[in-house]
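Presented below is the structure to which this report refers.
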Amino acid sequence: MPDVAVVGFAQAPNVRSTPGTTNGVEMLVPIFAEVLERTGLSKEDIGFWCSGSSDYLAGRAFSFIAAVDAIGAFPPIHESHVEMDAAWALYEAWLKIRMGEVETALVYGFGKSSAGQLRRVLALQMDPYVVAPLWPDSVSVAGIQARLGLEAGLWSEKDLAEVAARSRADATGNPAAQVSGTVEVADLLDAPYFADPLRAHDIAPVTDGAAVLVLASAERAADLVDSPAVITGIEHRVDSPALGVRDLTRSPSTAAAGRALDLDGVELAELHAPFTHQELILRDALGLGEQVRINPSGGVLTGNPMFSAGLARIGEAANHILDGSARKTLAHATSGPVLQQNLVATLEVLS
Amino acid sequence: MADLAVKSRTCFTQTVSAPELPLSAPLNVGFDYTRSVGPVLGRFVNALRERRVEGVRGSDGRVHVPPLEYDPVTAEALSEFVPVASEGEIVSWSWIAEPLDGQPLSRPFAWALVKLDGADTAILHAVDAGSPSNVHTGQRVRVRWAEETVGHIRDIAYFVPADGPDTEPTEAPPPVAKREENAPVSVVITPIHLRYEHSASPEESRYLRGLAEGKLIGQRCPSCEKVYIPPRGACPTDGVPTTDEVELPDTGIVTTFCIVNVPFLGQKIKPPYVAAYILLDGADIAFLHLVLGCDAADVRMGMRVRAAWKPRDEWWTSLENIGHFAPTGEPDAPYESFAHHL
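Respectively, the protein sequence lines represent chains Y and U.
Anchor point for the first sequence: position 219 equals 219 in the numbering used here, and the numbering is continuous, going up by one each time.
Anchor point for the second sequence: position 176 equals 527 in the numbering used here, and the numbering is continuous, going up by one each time.
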């Protein structure tokens, strides 16, 4: 089976809200053009298109169909969609290339989180019988998870603020970031709680955005870019949707995905952690040591475009291979409440 | 699922202070989430109706509350029910200072995982404690039952401190359960209401503002030169923005049509009447409208029609400004001239 490589990545600016349409299609047109120009590919060269988004963000059924306009889908294209973060759309595209059905694929994710009330909309991804009818918002549920670790002594509020401060400092080098800058940990800890025990800096900002990534078989990739980022491993696992069953201070599904991969020699990791404490859970689950640089892009605490943020982690991790600044990187994406579903990939220089 | 109701309404208004911004308006979506409960969740909600809590024993001996239909370890179907107490302790919690629509309380409260006595896993619910200083992990709490129980998770209105009195519920959306007379509950209904600020695209906004002035504005794809009305953010053939603005006449032809004979909820015109695809002169895409002003049986493919505009004082940013299209009496367009638009 052919290896699969990332050959291009682009993302829309992460912003608090765009004036564009509720389905967010305008964010896609310029980044499609950007990524096609960068890879020298045309629309007709793409063998498979796959996207991740959610009708609940747009407030309408089949909202992803509008995004197909951004492709220019004539003559007819080969297209698919997942109602998850587009990292899972990437997984589907990866399979298509592995199976030899196509040589190239374009994967995109998009969403206008600002159109509705995001943390309330996300209540609807929980159990529809005994949980969603209570409308537990995503931030409150994450607060319950954070407190479990705080009271067990696994992390302190200062540890969480340090994650936030480091993320914002790193994001100063990321032109797409929504939040960035130098902040003092002590100042962050002086801020009031938003959802005790979480403060605003512990919570990824509501963000509109989109991301696009081009995959190619390793053979084709070598013709397209100097240094393709080969996906040397990709695994995803799921934990029980029943919140009270899980030990919420751990992420067994991330750990299981990581164990199935060879993580030796990973230089940096882009982790999809929408809350500060979740970064600590993920680092522990993946066994990432001090030598691994975490979220040099700033991570989703500095911009969290729903349904493309996980794909963007893969894109950011790939960029370090594409620009020659690293030889092996790790990307992680999550979907569902409190780290329910997790995808881990390793990317390496083509040998 | 006969009670499923879908309601959606939007109404565009122009922002006077910032006329260049796209039009946007509140969009409220509502539906009744209607689900059959099956043997496990059915037993749970029917017990709640009787103000009892039942869990289910898993393969590892743990008692799950709420009950799980399948074991989280072995995936075996579960069926050994175990009564548990309606009192227990807080495993973890967070505080919500400004409750959101639909939540169990509209005054500040704690979200908590509560492990009921006799259970091994925790249930997520609300705790009415007044302030965060009144909540702690390990705290004993008990169920505050709803005034009227129907067989729904919200028969548990919320939890209160175990040694405290019942508190007064705040208003919550009514959960609904369905059952035949004297029969157990088999269907639970949860009303879902979501509010959005819906935005039209800049191109759609140009088109809608044009309609408010009695103009039909399309846009041309710079690549294939097709004219779209309403204009689109990107040409669906070429994927490039449609930028070149074209004002179209209010005359065109019927490309294809159907005669509506069936009455339905919300219908505004008495059947039979004609819904048709109208291709305006100079446009490359047809849109759906009404053809009135002649017998439905006389409408033909290729028939020339003209817009019948409503009185000017009724115009707004809507295609409703055109009440319908009516035949002009001109000769029909030949089939070949519109065959590629079908």
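No residue lacks a Cβ here, since even glycine has one placed at the ideal position from N, Cα and C.
Keep in mind it's a predicted model, so treat the numbers as computed, not measured.
In the three-state DSSP reduction, U:F395 falls in the helix class (H, G or I). Residues of chain U whose Cβ lies closer than 8 angstroms to the Cβ of Y:F32 are, in chain order, G590. U:K466 belongs to the set of residues whose beta carbon lies under 9 angstroms from a beta carbon in chain Y. Y:E348 has Y:V230, Y:K328 as its beta-bridge partners, per DSSP. Considering only beta carbons, the part of the stretch 53-76 of chain Y lying closer than 7 angstroms to chain U consists of G59, D69, A70, I71, G72, A73, F74, in chain order. Within the stretch 514-543 of chain U, the complete beta strand (DSSP E) segments of 3 residues or longer fall at 527-529, listed in chain order. Interface annotation, U:W446: in contact with chain Y, CB-CB separation under 9 angstroms. In the DSSP secondary-structure assignment, U:G406 is bridged to U:V433. Across the structure, U:P582 and U:L372 are spaced so that their CA atoms are roughly 16 angstroms apart.
Within a 10 Å sphere around the beta-carbon of Y:D247 sit fewer than 16 other beta-carbons, which makes this residue exposed.
Exposed is the label assigned to U:H487, since fewer than 16 other Cβ atoms lie within 10 Å of its Cβ. Look at the stretch 81-107 of chain Y: it has no residue with a C-beta under 8 angstroms from a C-beta of chain U. Nothing from the stretch 168-185 of chain Y brings a Cβ to less than 7 angstroms from some Cβ of chain U. Nearest to Y:D190 by alpha-carbon distance, out of Y:S180, Y:Q11, Y:L41, Y:H201, is Y:H201. Not flagged as an interface residue toward chain Y: U:R651, since no C-beta distance is shorter than 9 angstroms.
The distance from the Cβ of Y:A229 to that of Y:V6 is about 4 angstroms, consistent with a contact at the 8 angstroms cut-off. With distances taken between CA atoms, Y:V68 lies nearest to Y:V25 out of Y:E83, Y:V25, Y:L41. The beta carbon of Y:P2 sits closer than 7 angstroms to the beta carbons of I97, R98, G100, S217, A218, E219 from its chain, once the five residues preceding and following it are set aside; these are given in chain order. Assignment of Y:I77 by DSSP, reduced to helix, strand and coil, places it in the coil class. With respect to Y:L263, Y:H320 sits apart: the two C-beta atoms are not nearer than 9 angstroms.
Taking 9 angstroms as the cut-off, the beta carbon of U:I636 is found no closer than this to the beta carbon of U:V597.
Non-local beta-carbon contacts of U:R663 in its own chain, meaning distances under 8 angstroms to residues more than five positions away in sequence, involve G565 in chain order. Taking a cut-off of 8 angstroms on C-beta distances, the stretch 100-109 of chain Y does not touch the stretch 623-642 of chain U, as fewer than three cross pairs fall below it.
A contact is defined here as three or more CB-CB pairs under 8 angstroms, and the stretch 337-350 of chain Y meets this definition with respect to the stretch 243-259 of chain Y. Annotation: Cβ neighbours of U:T541 in chain Y (cutoff 8 angstroms, chain order): P128, A132, P133.
Between the stretch 166-179 of chain Y and the stretch 477-496 of chain U there are fewer than three inter-stretch CB-CB distances shorter than 8 angstroms, so the stretches are not counted as touching. Across the set Y:M84, Y:P76, Y:H277, the C-alpha of Y:M84 shows the shortest separation from the C-alpha of Y:F64. In the three-state reduction of the DSSP assignment, U:W462 falls in the strand class. U:A563: member of the alpha helix (DSSP H) spanning 553-563, first to last residue. Counted as a single uninterrupted DSSP element, the stretch harbouring U:D649 is not any alpha helix (DSSP H), since DSSP gives it neither H nor E. Taking all protein chains in view, the Cβ of Y:N295 is crowded by 16 or more other Cβ atoms within 10 Å, so the residue is classified as buried. Here U:D468 has V435, A436, E438, G439 as same chain residues with Cβ atoms under 7 angstroms from its own Cβ, once five neighbours each way along the sequence are excluded. Per DSSP, the continuous beta strand (DSSP E) segment holding U:H476 begins and ends at 474-478. For Y:D137, the nearest beta carbon of chain U is closer than 9 angstroms to its own beta carbon. Within the model, the alpha-carbon separation for U:R408 versus Y:S156 is close to 35 angstroms.
U:T518 and U:K466 have their alpha carbons spaced roughly 21 angstroms apart.
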